[in-house]
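Undergrad:
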Amino acid sequence: MSLVERITGQAAPGAGAIDADEARRQSRARMERIARWVLPVVMLLATLWLWDRIVAWNEIPHYILPGPGRVWDSLTGDWAMLWDAALLTARITLMALVLAVLGGAGLAILFNQSKMLELSLYPYAVILQVTPVVSIAPLIFIYVESKTAGMLLCAWIVAFFPVLSSTTLGLNSVDHNLRDLFRIYGASRWQKLWFLQLPSALPYFLGGLKIAGGLSLIGAVVAELVAGTGGVGAGLAARIQEAGYRLNIARMFAALSMIAAMGVFIFAALSLLSHLLLRKWHESALKRES
Amino acid sequence: MPVAPLSDRPPVMELAGINKTFAGGIVALDGMSMAVNAGDFISLLGPSGCGKSTALRIMAGLTQPTAGRIDWHGGQRAGDLGVVFQEPTLMPWATVADNVWLPFRLRGKSYGEVRDDVLEALRLVGLEKFQTAYPRELSGGMKMRVSIARAMVTHPRLILMDEPFAALDEITRFKLNNDLLALKAKIGCTVVFVTHSVFESVFLSDRIVVMAARPGRVVRELEVDAPYPRDDAFRTSAGYAAHCREASDALHAAMEAAA
Ligand SMILES: Nc1ncnc2c1ncn2[C@@H]1O[C@H](COP(=O)(O)OP(=O)(O)O)[C@@H](O)[C@H]1O
Ligand SMILES: [Mg+2]
Numbered sequence: 001m002s003l004v005e006r007i008t009g010q011a012a013p014g015a016g017a018i019d020a021d022e023a024r025r026q027s028r029a030r031m032e033r034i035a036r037w038v039l040p041v042v043m044l045l046a047t048l049w050l051w052d053r054i055v056a057w058n059e060i061p062h063y064i065l066p067g068p069g070r071v072w073d074s075l076t077g078d079w080a081m082l083w084d085a086a087l088l089t090a091r092i093t094l095m096a097l098v099l100a101v102l103g104g105a106g107l108a109i110l111f112n113q114s115k116m117l118e119l120s121l122y123p124y125a126v127i128l129q130v131t132p133v134v135s136i137a138p139l140i141f142i143y144v145e146s147k148t149a150g151m152l153l154c155a156w157i158v159a160f161f162p163v164l165s166s167t168t169l170g171l172n173s174v175d176h177n178l179r180d181l182f183r184i185y186g187a188s189r190w191q192k193l194w195f196l197q198l199p200s201a202l203p204y205f206l207g208g209l210k211i212a213g214g215l216s217l218i219g220a221v222v223a224e225l226v227a228g229t230g231g232v233g234a235g236l237a238a239r240i241q242e243a244g245y246r247l248n249i250a251r252m253f254a255a256l257s258m259i260a261a262m263g264v265f266i267f268a269a270l271s272l273l274s275h276l277l278l279r280k281w282h283e284s285a286l287k288r289e290s
Numbered sequence: 001m002p003v004a005p006l007s008d009r010p011p012v013m014e015l016a017g018i019n020k021t022f023a024g025g026i027v028a029l030d031g032m033s034m035a036v037n038a039g040d041f042i043s044l045l046g047p048s049g050c051g052k053s054t055a056l057r058i059m060a061g062l063t064q065p066t067a068g069r070i071d072w073h074g075g076q077r078a079g080d081l082g083v084v085f086q087e088p089t090l091m092p093w094a095t096v097a098d099n100v101w102l103p104f105r106l107r108g109k110s111y112g113e114v115r116d117d118v119l120e121a122l123r124l125v126g127l128e129k130f131q132t133a134y135p136r137e138l139s140g141g142m143k144m145r146v147s148i149a150r151a152m153v154t155h156p157r158l159i160l161m162d163e164p165f166a167a168l169d170e171i172t173r174f175k176l177n178n179d180l181l182a183l184k185a186k187i188g189c190t191v192v193f194v195t196h197s198v199f200e201s202v203f204l205s206d207r208i209v210v211m212a213a214r215p216g217r218v219v220r221e222l223e224v225d226a227p228y229p230r231d232d233a234f235r236t237s238a239g240y241a242a243h244c245r246e247a248s249d250a251l252h253a254a255m256e257a258a259a
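Here the protein sequences come in this chain order: A and B.
Oh and the first sequence: position 1 is 1 in UniProt numbering, straight run, nothing missing.
Oh and the second sequence: position 19 is 19 in UniProt numbering, straight run, nothing missing.
In structure tokens:
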């Protein structure tokens, strides 16, 4: 129901009667809604079945390629250990994401307030971003004593840039008429930032946040691989490495599937957050009402 | 609110010998002079590129003139202006009521303090039921009404409008023209209205400032002496047709002189 209908209490004329073309369009839309869930699930089941069959038919030894059943056994059998590892990885990932948001958005706001600061520092933010973190990480662990701090730093370096660049873009993409209006009304710099630039930047920021979520997981995994297991216990990536040394391929797959699940969860959670924050007003959250 | 006859309205603002030359040497305005008096409804009428928007931006303080003076009688306070652009220019993240609250909010007034003014402004433009709606839920005409409500909510001394209805369909435009006059009759504001439509300028204004391009300048001032309130009957009257012809002739003369 459109807003006008809600308020005037009038439905569009001829509501209820639908022509053949509209009916076809509707049933196609319904099919698509169902297929969106069913097809990926069917695809997954088929892949698992094929995997299982290939292993069985070719009698592949489990230390080369375990079947899905063995991976499942490892997942349930080693659950306590894997769960602890997952918590550790998740902790680093989330802390890095929070720091990336604070650092990225904070720097963006700072740059926006001072062009000189932006000109001085932005190139170095880019350099930090384009240098592969795997190559910086060993140095970090030489100079940073705390392993947790080192891992956080690695993950942060990877994750903060998308937040910085998208928020910067957002803060600068204010509608120019609205900017003029604020000037006419004599708005202060803070009023302009708070009432105009930050809301304008929100959709851009959320886009950057979604990317940063995935990147902070990547950063945490890389950091674990470089840092090794000593000291703070082992995360999922360290468990994969360790299981690899022992040719425990099933556990490698189990841990890998948990990392993948974590990545999917982060993306879904951030997408939901973005939807909730924007659904009322932003075009990206707009469904066609007709 | 009754409006005094043209001759004895107190002055509000005056442009004297305004020149605006942009970097790159484009002379947008040259020697533009005009006066705005309290209660006026003035149209700036001219072909596109003749400097109408530039003149409006100078009045709004968004652009400094290269030469010439702008005088505000009784002093000018920041924010004592209402502006309506060609686009509705609403904040998409804010509800209709919050958009209209904006001019007050930027003066540090809480919503509670000015709630009655905001709702009154929305009532005057016929949108009181839409106060909690978001801009994207509204039609183009309704968004423009919100923009007008925002411009007048503080009862500013002067409201500037830059081709506000140019992007709307004709039926909506006629309706908004009627409503704008009704609104002006009620609150007695002073309006400078930019348009390139002869018909719109004659219907709305009591004075028309005809401008020519290259360089932008005032070529004639016309008075439309038909009394307010004006309604659809005025659109079909002989007086309206005569004024349209006069304004149209002035405009053509201006464009030929420029060509
Ligand atoms: N910021 C600007 N920089 C350079 N030239 C401009 C600028 N704004 C307007 N102009 C030029 O000034 C002239 C008048 O423009 P404008 O005031 O927008 O005319 P109108 O609103 O009557 O169509 C045009 O030739 C336009 O190209
Ligand atoms: Mg213009």
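For every residue, glycine included, the Cβ atom is placed at its ideal position computed from N, Cα and C.
Assuming Met32 (chain B) is part of the beta strand (DSSP E), what are its boundary residues?
TA: In the second sequence, residue 32 (chain B) corresponds to position 32, counting from 1. 27-37 is the extent of the beta strand (DSSP E) around Met32 (chain B).
Undergrad: For Arg217 (chain B), does the three-state DSSP call read helix, strand or coil?
TA: Within the second sequence, the letter at position 217 stands for residue 217 (chain B). Looking at Arg217 (chain B) - three-state DSSP - the assignment turns out to be strand.
Undergrad: Between B:Pro10, B:Ala167, B:Gly112, B:Ala97, which lies nearest to Pro88 (chain B) when the distance is taken from Cα to Cα?
TA: Position 88 of the second sequence holds residue 88 (chain B). The closest CA to that of Pro88 (chain B), considering only B:Pro10, B:Ala167, B:Gly112, B:Ala97, is found on B:Ala167.
Undergrad: For the segment 272-287 of chain A, list every residue whose C-beta sits within 9 Å of some C-beta in chain B, in sequence order.
TA: Against chain B - using a Cβ distance shorter than 9 Å - the residues of the segment 272-287 of chain A are Leu278, Lys280, Trp281, His282, Glu283, Leu286.
Undergrad: Measuring alpha carbon to alpha carbon, tell me which residue in A:Phe141, A:Val226, A:Tyr204 is nearest Val174 (chain A).
TA: As a position in the first sequence, residue 174 (chain A) is number 174, starting the count at 1. Closest option to Val174 (chain A), Cα to Cα, is A:Tyr204.
Undergrad: Check the Cβ of Leu178 (chain A) against every Cβ in chain B and list those closer than 7 Å, keeping chain order.
TA: Along the first sequence, read from residue 1 onward, the residue named residue 178 (chain A) stands at position 178. Neighbours of Leu178 (chain A) on chain B, chain order: Thr89, Met91.
Undergrad: For my contact list, Val218 (chain B) and Ser33 (chain B) are in at a C-beta cut-off of 8 Å; report their separation, rounded to the angstrom.
TA: Counted from its first residue, the second sequence places residue 218 (chain B) at position 218. Counted from its first residue, the second sequence places residue 33 (chain B) at position 33. Their Cβ separation, rounded to whole angstroms, is 7 Å, which keeps Val218 (chain B) and Ser33 (chain B) in contact under 8 Å.
Undergrad: Taking beta-carbon pairs under 9 Å, can you tell me which members of the segment 205-231 of chain A lie near chain B?
TA: none
Undergrad: Cβ of Asp19 (chain A) less than 8 Å from any chain B Cβ?
TA: Locating residue 19 (chain A) in the first sequence gives position 19, where the first residue counts as 1. Using a CB distance cut-off of 8 Å, Asp19 (chain A) does not count as an interface residue toward chain B.
Undergrad: Count Cβ pairs between the segment 182-189 of chain A and the segment 128-136 of chain A that sit closer than 8 Å; are there 3 or more?
TA: no
Undergrad: So, for Phe161 (chain A): in the same chain, excluding its five sequence neighbours on each side, which residues have a beta-carbon less than 6 Å away from its beta-carbon?
TA: On the first sequence, residue 161 (chain A) is found 161 positions in, with the first residue counted as 1. Taken in chain order, the residues that qualify are Gln129.
Undergrad: Given this structure, state the Cα-to-Cα distance separating His243 (chain B) from Pro227 (chain B), to the nearest angstrom.
TA: By 1-based counting over the second sequence, the position of residue 243 (chain B) is 243. By 1-based counting over the second sequence, the position of residue 227 (chain B) is 227. Their backbone Cα atoms lie some 13 Å apart in a straight line.
Undergrad: Mind listing which residues have their beta carbon within less than 5 Å of any non-hydrogen atom of ligand 1? Chain order is fine.
TA: B:Phe22, B:Ile26, B:Ala28, B:Ser48, B:Gly49, B:Cys50, B:Gly51, B:Lys52, B:Ser53, B:Thr54
Undergrad: Taking the DSSP output, what are the residues bridged to Leu158 (chain B)?
TA: On the second sequence, position 158 is the one that residue 158 (chain B) refers to. Per DSSP, B:Leu81.
Undergrad: Along the chain, where does the beta strand (DSSP E) containing Asp231 (chain B) start, and where does it finish?
TA: As a working mapping, residue 231 (chain B) is identified with position 231 in the second sequence. Taken as a continuous stretch (DSSP letters only), Asp231 (chain B) belongs to no beta strand (DSSP E), as it is neither H nor E.
Undergrad: Fully enclosed by the segment 194-256 of chain A, which alpha helix (DSSP H) runs are 4 residues long or longer?
TA: 198-227, 236-245
Undergrad: Buried or exposed: which applies to Arg279 (chain A), given that a residue is buried once 16 or more other Cβ atoms fall within 10 Å of its Cβ?
TA: Looking up residue 279 (chain A) in the first sequence gives position 279. Under this definition Arg279 (chain A) is an exposed residue.
Undergrad: Does ligand 2 have a heavy atom nearer than 7 Å to the CB of Asp162 (chain B)?
TA: Along the second sequence, read from residue 1 onward, the residue named residue 162 (chain B) stands at position 162. Checking every heavy atom of ligand 2 against the Cβ of Asp162 (chain B), one is found closer than 7 Å.
Undergrad: Just how far apart, CA to CA, sit Leu181 (chain B) and Ser147 (chain B)?
TA: One-based indexing of the second sequence puts residue 181 (chain B) at position 181. One-based indexing of the second sequence puts residue 147 (chain B) at position 147. Those two C-alpha atoms are separated by around 16 Å.
Undergrad: Are the CB atoms of Val210 (chain B) and Gly46 (chain B) nearer to each other than 8 Å?
TA: Taking the second sequence and counting its residues from 1, the one referred to as residue 210 (chain B) is at position 210. Taking the second sequence and counting its residues from 1, the one referred to as residue 46 (chain B) is at position 46. Yes, the pair counts as a contact, with Cβ atoms nearer than the cut-off.
Undergrad: Give the residues from the segment 157-172 of chain A that approach chain B closer than 8 Å (Cβ to any Cβ), ordered along the chain.
TA: none
Undergrad: Buried or exposed for Met1 (chain A), please, with buried defined as at least 16 other CB atoms from any protein chain shown within 10 angstroms of its CB.
TA: Walking along the first sequence from the start, residue 1 (chain A) turns up at place 1. With a pLDDT of only 44 at Met1 (chain A), under 50, the local geometry of the prediction cannot be trusted, and the value read off the model is given with reservation. Classification of Met1 (chain A): exposed, given that the 10 Å Cβ count is below 16.
Undergrad: Residues of chain B with CB closer than 7 Å to the CB of Asp175 (chain A), please, in chain order.
TA: Residue 175 (chain A) sits at position 175 when you count from the first residue of the first sequence. Those within 7 Å of Asp175 (chain A) in chain B are Thr89.
Undergrad: By a C-beta neighbour count over all protein chains shown, 10 Å radius and 16 as the cutoff for buried, is Ser110 (chain B) buried or exposed?
TA: Numbered from 1 along the second sequence, position 110 holds the residue referred to as residue 110 (chain B). Exposed, by the Cβ-count rule.
Undergrad: How about the segment 231-243 of chain A and the segment 186-198 of chain A: do they share at least three Cβ pairs that are nearer than 8 Å?
TA: No, the segment 231-243 of chain A does not touch the segment 186-198 of chain A.
Undergrad: Assign Tyr63 (chain A) to one of two classes, buried (16 or more other C-beta atoms within 10 Å of its C-beta) or exposed (fewer than that).
TA: Walking along the first sequence from the start, residue 63 (chain A) turns up at place 63. Under this definition Tyr63 (chain A) is an exposed residue.
Undergrad: Which residue comes first and which comes last in the alpha helix (DSSP H) that contains Phe160 (chain A)?
TA: Walking along the first sequence from the start, residue 160 (chain A) turns up at place 160. Counting along the chain, the alpha helix (DSSP H) containing Phe160 (chain A) begins and ends at 147-172.
Undergrad: Is the beta carbon of Val100 (chain B) sitting closer than 8 Å to the one on Leu122 (chain B)?
TA: Your numbering for residue 100 (chain B) matches position 100 in the second sequence. Your numbering for residue 122 (chain B) matches position 122 in the second sequence. Going by C-beta atoms, Val100 (chain B) is nearer than 8 Å to Leu122 (chain B).
Undergrad: Determine the DSSP secondary structure at Ile187 (chain B), reduced to helix, strand or coil.
TA: By 1-based counting over the second sequence, the position of residue 187 (chain B) is 187. Residue state, collapsed to three classes: helix.
Undergrad: Taking C-beta pairs closer than 7 Å, name the residues in chain A that Ala97 (chain B) reaches, listed in chain order.
TA: Along the second sequence, one-based indexing puts residue 97 (chain B) at 97. The premise fails here: Ala97 (chain B) is roughly 14 Å from chain A at the closest Cβ pair, so nothing lies under 7 Å.
Undergrad: If we define contact as Cβ-Cβ less than 8 Å, is Tyr134 (chain B) a contact residue for chain A?
TA: Against the second sequence, residue 134 (chain B) aligns to sequence position 134. It does; some Cβ of chain A falls within 8 Å.
Undergrad: Return the chain-ordered ranges of every alpha helix (DSSP H) run that is complete within the segment 62-125 of chain A and spans a minimum of 4 residues.
TA: DSSP runs (the alpha helix (DSSP H)) wholly in the segment 62-125 of chain A: 68-77, 79-113.
Undergrad: Nearest to Ala23 (chain B) by CA position, among B:Thr66, B:Met144, B:Pro92, is which residue?
TA: Counted from its first residue, the second sequence places residue 23 (chain B) at position 23. For Ala23 (chain B), the closest of B:Thr66, B:Met144, B:Pro92 by C-alpha to C-alpha distance is B:Thr66.
Undergrad: Compare the Cα-Cα distances from Leu225 (chain A) to each of A:Thr89, A:Pro68, A:Ala159, A:Gly103 and report the closest residue.
TA: Here residue 225 (chain A) refers to the residue found at position 225 of the first sequence. The option with the nearest alpha carbon to Leu225 (chain A) is A:Thr89.
Undergrad: Give the DSSP-derived three-state secondary structure of Trp72 (chain B) in the structure shown.
TA: Numbered from its first residue, the second sequence carries residue 72 (chain B) at position 72. The answer is strand: DSSP assigns Trp72 (chain B) an E or B state.
Undergrad: Can the beta-carbon of Ile136 (chain A) be found closer than 8 Å to that of Gly219 (chain A)?
TA: Start at 1 with the first residue of the first sequence, and residue 136 (chain A) comes out as number 136. Start at 1 with the first residue of the first sequence, and residue 219 (chain A) comes out as number 219. No, these two residues do not count as a Cβ contact at 8 Å.
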